[in-house]
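Going by the working numbering, 57 is the number at position 57 of the sequence shown; the sequence numbering is gapless. By construction, the Cβ of each residue, glycine as well, lies at the ideal position given by its N, Cα and C atoms.
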Amino acid sequence: MPPYLAFGGNERQLHVALGDLHAVFAREGGAAELFRFTEDPLEQRDLAAAEPERLKVLRQHLEEWEKKTASTSFATSAEQAMTEETLDQLKSLGYVQ
């Protein structure tokens, strides 16, 4: 089975997993951590300094994913926020409660 990419995140971090690697990137400050699931399931040993090329590849995958999903993601800034009119329309159609 080929390795698959998985992406995720929250307000503070972005995550990408490829094969048995899991990278965690801080949204602010540029901090990054790298872990290997099979050898370190509790993510106690950060491999970022020892394997910078692998971390770089995972960051590139994450950046590409962000570019592809930016236009379909919910806005987080006030400039891109949904207008009240759009929200009312979505409510009337049953998409939003």
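Neighbour-count burial assignment, residue i, 16 or more Cβ in a 10 Å radius
{"i": "A6", "result": "exposed"}
{"i": "E79", "result": "Residue confidence is low: E79 scores 47 on pLDDT, short of 50, so the model does not pin down where it sits. Its coordinate-derived value is still stated next. E79 should be labelled exposed."}
{"i": "A26", "result": "exposed"}
{"i": "L58", "result": "buried"}
{"i": "V24", "result": "buried"}
{"i": "D88", "result": "exposed"}
{"i": "Y4", "result": "exposed"}
{"i": "A17", "result": "buried"}
Cβ-Cβ separation, residue j to residue i (assumed contact under 8 Å), whole Å
{"i": "H101", "j": "F37", "result": "No information on residue 101 is available, as it lies outside the stretch 1 to 97 that the chain covers here."}
{"i": "E33", "j": "D46", "result": "5 Å"}
Which listed residue (the options) has its alpha carbon closest to that of residue i
{"i": "L55", "options": "G30, L90 and G9", "result": "G30"}
Scan the region 24-73 and note each continuous alpha helix (DSSP H) run of 4 residues or more that stays entirely inside, going in chain order. List check, alpha helix (DSSP H) in window: 52-69.
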